[in-house]
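Visitor:
Residue numbers (the numbering used here): 4 to 124.
1. Using three-state DSSP, classify residue 13 as helix, strand or coil.
2. Going by the beta-carbon positions, is the gap between residue 49 and residue 61 smaller than 8 Å?
3. Go ahead and label residue 66 buried or exposed: buried means 16 or more other beta carbons lie within 10 angstroms of its beta carbon, across all protein chains shown.
4. Is the beta carbon of residue 71 closer than 8 Å to that of residue 37?
5. How about residue 40 and residue 89: do their beta carbons lie closer than 8 Å?
6. Starting from residue 47, follow its DSSP beta bridges and name the residues at the other end.
7. What is the C-beta distance between residue 57 and residue 46, in whole angstroms, given that I count them as a contact (C-beta under 8 Å)?
8. In terms of residues, what are the limits of the beta strand (DSSP E) holding residue 75?
9. At what residues does the alpha helix (DSSP H) containing residue 23 begin and finish?
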């Protein structure tokens, strides 16, 4: 994940391979009350003997962030199943009733760098 927007002379900064994991750890450290869902285009993370599959990552994230992590979804632009999986995560884990806004807040914060503030309609 780039550190900031790419454009003009900006390259996006240093690439962070585990940026999502770093964001989740910051949320946990700060005690943020925001349910999270990781959406990724990668099926594998790392290299060599540190290679982790998406399924392994899912298990690791659920173990480390049980309080607020709802799952990890594989995104492909040509396939819309990710939307159904995201909807399922939000609804079946009870976020629709108590915290769907938290999912959107975490999503926005992760992608824009903005603080975790409630979204307005």
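Where a beta carbon is used, it is the ideal one built from N, C-alpha and C, also for glycine. Computed from a predicted structure; not experimentally measured.
Guide: Quick look at the numbers:
1. It is a strand residue.
2. no
3. exposed
4. yes
5. Yes; because the gap between Cβ atoms is below 8 Å, this pair is in contact.
6. 56
7. 5 Å
8. Per DSSP, the continuous beta strand (DSSP E) segment holding residue 75 begins and ends at 72-77.
9. 22-32
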